[in-house]
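Numbering (the numbering used here), first residue to last: 5 to 528.
All C-beta atoms in this analysis are idealised placements derived from N, C-alpha and C, irrespective of residue type, glycine included.
All figures in this text were calculated on a predicted structure; none of them were measured in a lab.
Notes follow the structure.
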Amino acid sequence: MKRETVIVLDFGGQYNQLVARRVRECNVYCEIYSYKTDIEKIKEMNPKGIILTGGPNSCYEEGSPTYTKELFELGIPVLGLCYGAQLMQHIMGGKVEKAPVREYGKTDTYFDTTSPLFAELPEESVVWMSHFDYISEVAPDFHICACTNDCPVAAAENREKQLYAIQFHPEVLHTVYGKEILSNFVYKVCECSGDWKMDSFVESSIQAIREKVGDGKVLLALSGGVDSSVAAGLLSRAIGKQLTCVFVDHGLLRKNEGDEVEAVFGPTGDFDLNFIRVNAQERYYNKLAGVTEPEAKRKIIGEEFIRIFEEEAKKIGAVDFLAQGTIYPDVVESGLGGESAVIKSHHNVGGLPDFVDFKEIIEPLRDLFKDEVRKAGLELGIPKELVFRQPFPGPGLGIRIIGEVTGEKVKIVQDADYIYRSEVDKAAAAYEEANGKEAPWKPNQYFAALTNMRSVGVMGDERTYDYAVALRAVRTIDFMTAESAEIPFEVLQTVMSRIINEVKGVNRVFYDLTSKPPGTIEFE
Ligand code: XMP
């Protein structure tokens with residue numbers, strides 16, 4: 005079955021993935037390609053529509069990213085955004101130059117609502133602008149269909165040829181009717197039917213996996229993270245016991261996590277597969293003994309995983325496929341859109357196990373964005389707690405214990421972290437219940453870490469000399485930058501008092517206020 009596809013041609017804009025995600029939220033499948041993609045390849049794909057993204061260049065400068073004019077003559081609708089809009093105008097004979105007034109941020113815009121792009125929008129609304137250059141003259145046969153006080157051409161169209169150029173960014177949430185504009189493009193202009201839905205994705209993937217795998221054997225390293233869990237669920241539904249999952253419990257997981265993964269995918273869970281749990285806690289603690297340098301710790305944790313996985317693979321013998329939880333952002337970021345993605349390494353250390361005997365790699369999630377992976381996970385019946393769990397680094401608590409890792413320290417940080425997460429969850433749920441909306445301070449990632457610092461305290465009549473726990477909670481969209489979350493003080497106090505009372509070996513609790521940059525989210 006060929007699904008309807010809209011393609012995004014990437015001109016280097018920072019929001020390229022966002023554009024594709026927003027289109028997919030309209031139930032239309034969308035893929036990203038470099039602007040260097042050959043026109044013949046585009047013709048072959050026969051997309052329902054093409055979107056040109058923004059980018060940092062000036063289209064009138066020599067050497068700037070461009071495209072052949074033929075793109076606009078294929079009879080396929082094209083929507084240019086920001087740089088893409090300027091480029092379309094430039095190529096089609098309009099004029100683009102440095103704007104007398106640079107527009108940046110939320111901007112009032114007036115729409116011609118007879119344009120199919122702006123159908124059913126109010127005549128005035130706020131959009132997100134970010135440009136130095138502007139379209140000073142539209143190309144012949146184009147008509148201006150939106151403007152702002154500073155920008156005479158906020159949008160231009162040639163309805164007959166189905167070419168649309170918009171200076172602002174509909175993909176950014178600050179553009180109030182951005183989603184409607186993209187939806188208008190894919191439905192009213194491209195006439196898509198909206199066949200991209202997660203239930204049909206799951207169904208058709210199961211079919212495709214069965215066809216590809218036949219009666220072959222598949223091996224998957226299951227970490228308990230969202231991607232590998234959803235991959236396991238999907239493969240299990242498709243091929244049952246032809247799938248073997250190896251789950252290495254490195255003793256650096258959060259409290260109860262190993263058992264939770266086993267409850268879902270192990271023999272008593274709802275999925276039919278061979279589940280091998282390797283309890284490698286002691287082996288890891290031995291390897292990590294005396295190691296304090298963060299990079300050395302990461303390396304040991306990653307390499308040990310590979311060794312263990314190899315040992316298990318050897319026991320299993322040759323398999324036909326090695327499955328990976330590669331997702332679409334990995335494919336796009338590896339710059340290989342459409343071709344085979346670089347092999348995703350576990351724990352972020354380069355390389356695959358040397359001795360795993362397999363013929364081919366299978367990546368059942370390589371077309372999906374993270375939010376789609378989650379939806380597919382729910383469709384497959386994977387528990388919500390697993391599907392919506394917060395990001396957790398491959399090296400696990402190993403990089404949340406500053407300095408040497410020991411079994412005793414792991415226990416301390418597990419217990420403190422468990423208390424912290426439960427209290428934050430409880431407070432966030434209570435806020436939502438009382439206010440009917442999400443708490444404004446609700447963090448995207450929050451955890452406890454163990455500092456390497458011990459200090460003097462007093463418990464009852466006794467002097468103590470114990471560890472300090474650090475609490476981290478950040479609000480972030482992309483995890484590239486982050487702000488410390490303003491968790492209410494009384495919540496923090498409850499957490500502090502529970503940790504000190506319930507977790508032996510801790511007599512002090514700190515709250516980390518550092519944003520990223522200059523800090524990182526993790527401690528090591
Ligand atoms: P930092 O600490 O770099 O973290 O600000 C950004 C995000 O990445 C996660 N993270 C990792 N994830 N392996 C992973 O799979 C790692 O080695 C790793 N280090 C950091 C971190 O939890 C945060 O979400």
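Item	Value
For the alpha helix (DSSP H) that Gln-93 lies in, which residues bound it at each end?	87-95
Taking Cβ positions, are Tyr-114 and Ala-158 nearer each other than 9 Å?	yes
For Glu-490, which residues of its own chain have a beta-carbon under 6 Å away from its beta-carbon, when the five flanking residues on both sides are left out?	Trp-445
Could you pull the DSSP bridge partners for Ile-405 from this structure?	Leu-454
Taking its Cβ as the centre, do 16 or more other Cβ atoms sit within 10 Å of Asp-244, making it buried, or is it exposed?	The sequence shown places Gly at residue 244, rather than the Asp named in the question. Exposed is the call here.
Thinking C-alpha only, which one of Glu-376, Gln-171, Pro-395 and Arg-311 is nearest Phe-359?	Arg-311
Considering just the uninterrupted stretch of the beta strand (DSSP E) at Arg-241, what are its terminal residues?	Where Arg-241 is concerned, there is no enclosing beta strand (DSSP E), although the alpha helix (DSSP H) it sits in stretches over 230-243.
Taking the Cβ atom as the reference point for each residue, do Leu-186 and Val-23 lie within a distance shorter than 9 Å?	yes
For Phe-76, collect the residues of the same chain with a Cβ closer than 8 Å to its Cβ; drop the 5 residues on either side in sequence, then sort them by chain order.	Val-82, Met-92, Ile-95, Met-96, Lys-165 and Leu-167
Comparing C-alpha positions only, which one of Ile-210, Glu-184, Gly-98 and Gly-306 sits nearest to Ser-227?	Gly-306
Can you list, in chain order, the residues of its chain with a C-beta nearer than 6 Å to that of Pro-89? Leave out the 5 residues immediately preceding and following it.	In the sequence as displayed, the identity of residue 89 is Ala instead of Pro. Here the set comprises Ala-169, Ile-170 and Gln-171.
How many angstroms separate the CA atom of Val-414 from the CA atom of Glu-48?	54 Å
Cβ of Glu-266 within 9 Å of Cβ of Ala-284?	no
Would you call the stretch 241-255 and the stretch 272-284 touching, i.e. three or more CB-CB distances under 8 Å?	yes
Answer with buried or exposed for Asn-439, where buried requires no fewer than 16 other C-beta atoms within 10 angstroms of its C-beta.	exposed
For Val-391, collect the residues of the same chain with a Cβ closer than 7 Å to its Cβ; drop the 5 residues on either side in sequence, then sort them by chain order.	Val-230, Arg-378, Gly-381 and Leu-382
If we ignore side chains and look at the alpha-carbon of each, how far apart do Val-346 and Thr-296 end up?	Caution is warranted here: a pLDDT of 41 is assigned to Val-346, below 50, making its placement in the model unreliable, and no coordinate value can be reported.
Just to confirm before moving on: does the CB-CB distance between Phe-325 and Lys-430 stay below 9 Å?	no
Where does Thr-272 land, buried or exposed, given buried means 16+ other C-beta within 10 angstroms?	exposed
Compare the beta carbon distance of Met-99 and Glu-141 with 9 Å and say whether it is the shorter of the two.	Here residue 99 turns out to be Lys, not Met, going by the sequence shown. In this structure, Glu-141 lies closer than 9 Å to Lys-99 by Cβ.
Indicate whether at least one CB of chain D lies closer than 9 Å to the CB of Ile-170.	This model lacks chain D altogether; it includes just one protein chain.
So, are the CB atoms of Leu-239 and Ala-327 less than 9 Å apart?	yes
So within the stretch 161-194, which uninterrupted alpha helix (DSSP H) runs reach at least 4 residues, ignoring any that extend past its ends?	182-187
So, under 8 Å CB-CB, Gly-237 and Leu-384 are touching, yes? Tell me the CB distance rounded to an integer number of Å.	4 Å
Considering just the uninterrupted stretch of the beta strand (DSSP E) at Ile-148, what are its terminal residues?	147-151
Please list, in chain order, all residues of the same chain as Glu-128 whose beta carbon is under 8 Å from its beta carbon, the five residues on each side excluded.	Asp-112, Thr-113, Tyr-114 and Phe-115
Please list, in chain order, all residues of the same chain as Asn-352 whose beta carbon is under 6 Å from its beta carbon, the five residues on each side excluded.	Because Asn-352 carries a pLDDT of 38, less than 50, the predicted location of this residue cannot be relied on, and no value is offered for it.
Does the beta-carbon of Ala-434 have 16 or more other beta-carbons within 10 angstroms, so that it is buried, or is it exposed?	exposed
According to DSSP, what are the bridge partners of Gln-449?	Val-478
Quick check on DSSP: helix, strand or coil for Gly-67?	coil
Can you tell which of Gly-58, Ile-365 and Asp-419 has its C-alpha closest to the C-alpha of Ser-134?	Gly-58
Taking only three categories from DSSP, how would you classify Ile-416?	helix
Among the residues of its own chain, which have a CB less than 7 Å from the CB of Glu-526, if the five just before and after it don't count?	Pro-397, Ile-403 and Arg-404
Measuring CB to CB, does Ile-194 end up less than 9 Å from Gly-53?	The sequence shown places Cys at residue 194, not Ile. Yes, Cβ-Cβ distance for Cys-194 and Gly-53 is below 9 Å.
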